[in-house]
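In full-length UniProt numbering, the protein residues as written are 1 to 369.
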């Protein structure tokens with residue numbers, strides 16, 4: 001028996017990723033879509049390719065067509081929340097209170113305080129549905145391969161680096177959404193996009209020696225700066241930080257949405273036995289060469305769509321995260337996959353917010369509890 005699901009949100013990512021992921025699942029059946037405006041809900045439904053898809057909206061008000069009406073449906077057991085960051089918590093609370101299973105887009109909330117309040121409200125429910133936070137990077141096959149290579153590498157953690165350079169164009173689809181162009185959430189694009197990168201970094205650090213059995217690889221202190229390179233990207237588009245783990249290793253985190261120069265995303269983790277570098281479409285393993293220490297062995301593993309093991313339509317990890325969510329519901333489990341737990345998403349946000357705070361304080365070190 002399929003699980004009836006509704007999409008809350010009809011924007012770019014909902015159309016491009018959530019909809020195909022739901023349609024690809026043998027366990028999920030899309031019943032309805034909700035958007036704040038009638039026009040956007042109906043536009044989404046007209047292109048969705050789902051016969052009989054019901055539409056709901058709150059503007060203009062219409063009897064039987066609001067979010068509360070959708071959440072009252074007995075044939076809708078779950079919802080996917082893909083809305084502006086500042087609007088998601090309200091929708092998540094309403095869905096959970098109605099007894100619906102929820103998969104909500106990252107970040108878990110706009111601030112740590114708001115995330116903690118949301119999680120506390122969830123924990124206080126007398127009967128808790130499943131709540132998953134969708135961080136698709138943790139489900140990318142290439143990242144999982146990099147994690148496996150780190151576990152096999154061994155040694156002790158030495159250092160790490162995260163380097164990302166993107167250039168947000170003023171004519172880009174994502175920029176030209178009102179909530180991204182005029183953000184009310186801290187960090188602007190650094191939160192919306194950067195939370196992916198810190199999630200990937202944290203996953204790799206956990207996979208490095210000692211990371212899965214102790215907290216030694218957990219980042220517990222950061223110090224850095226923030227800047228705004230592009231006038232169109234308030235309040236900041238660039239972050240540079242030094243990060244320290246509980247075990248004493250250090251690394252650098254540098255990300256910018258205001259420059260076209262530099263690698264789009266490289267995350268490297270070095271141990272005493274070698275280094276693993278993850279890029280979305282490749283994993284590079286560097287190991288010691290006993291014959292010539294100045295020429296280490298380097299193996300590049302192709303994770304692009306040219307490799308049949310890494311199909312292009314699964315590259316983002318979104319289909320895999322929806323499959324995990326659906327499988328949890330179908331199995332009647334009361335514990336979500338750890339990769340999409342609210343607690344895990346909170347740690348991503350906690351690290352990113354600490355870097356925002358040290359940047360705002362001119363580089364004053366910030367300890368992460």
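Yeah, the Cβ is synthetic: ideal placement off N, Cα and C, and Gly gets one too.
Three-state class that DSSP yields for residue i in the structure shown
i	result
residue 230	coil
residue 153	helix
residue 13	helix
residue 99	coil
residue 158	strand
residue 203	helix
residue 147	helix
residue 74	coil
residue 175	coil
residue 7	strand
residue 37	strand
residue 135	coil
residue 59	strand
residue 268	strand
residue 274	strand
residue 48	helix
residue 189	helix
residue 21	helix
residue 128	coil
residue 211	coil
residue 67	helix
Beta bridge counterpart(s) of residue i as assigned by DSSP
i	result
residue 244	221 and 250
residue 366	222
residue 54	32
residue 255	164 and 239
Contact belief for residue i with residue j at Cβ below 8 Å, rounded distance in angstroms
i	j	result
residue 164	residue 251	Rounded, the Cβ-Cβ distance is 14 Å, inconsistent with contact.
residue 223	residue 51	Residue 223 to residue 51, Cβ: 55 Å. No contact.
residue 25	residue 326	5 Å
residue 209	residue 154	6 Å
residue 4	residue 29	6 Å
residue 79	residue 68	Going by Cβ atoms, the distance from residue 79 to residue 68 rounds to 13 Å, so no, they are not a contact pair.
residue 60	residue 90	With 8 Å as the limit, residue 60 and residue 90 do not qualify as a contact, their Cβ atoms being about 19 Å apart.
residue 147	residue 345	So it is not a contact: roughly 18 Å between Cβ atoms.
residue 33	residue 150	Wrong, their Cβ atoms sit about 40 Å apart, outside the cutoff.
residue 129	residue 99	6 Å
Where are the alpha helix (DSSP H) runs, 4 residues long or more, that stay fully inside the stretch 279-361, in chain order? Those alpha helix (DSSP H) runs which fall completely within the stretch 279-361 and span 4+ residues are 318-330 and 342-360.
Contact between the stretch 241-259 and the stretch 272-285: three or more CB pairs below 8 Å? Output reads no: the stretch 272-285 does not touch the stretch 241-259.
Between the stretch 60-77 and the stretch 103-113, do three or more beta carbon pairs fall short of 8 Å? Not touching, per the Cβ criterion.
Runs of 3 residues minimum, wholly inside the stretch 79-126: which ones carry the beta strand (DSSP E) assignment? For the stretch 79-126, whole beta strand (DSSP E) runs of length 3 or above, ordered along the chain, are 101-105.
Count Cβ pairs between the stretch 328-347 and the stretch 309-319 that sit closer than 8 Å; are there 3 or more? The way I'd put it, the stretch 328-347 doesn't touch the stretch 309-319; fewer than three beta-carbon pairs between them come closer than 8 Å.
Is the number of C-beta pairs between the stretch 202-212 and the stretch 222-240 that are closer than 8 Å three or more? Segments in contact, no.
Check whether the stretch 347-356 and the stretch 189-196 are in contact - that is, three or more C-beta pairs closer than 8 Å. The stretch 347-356 vs the stretch 189-196: in contact.
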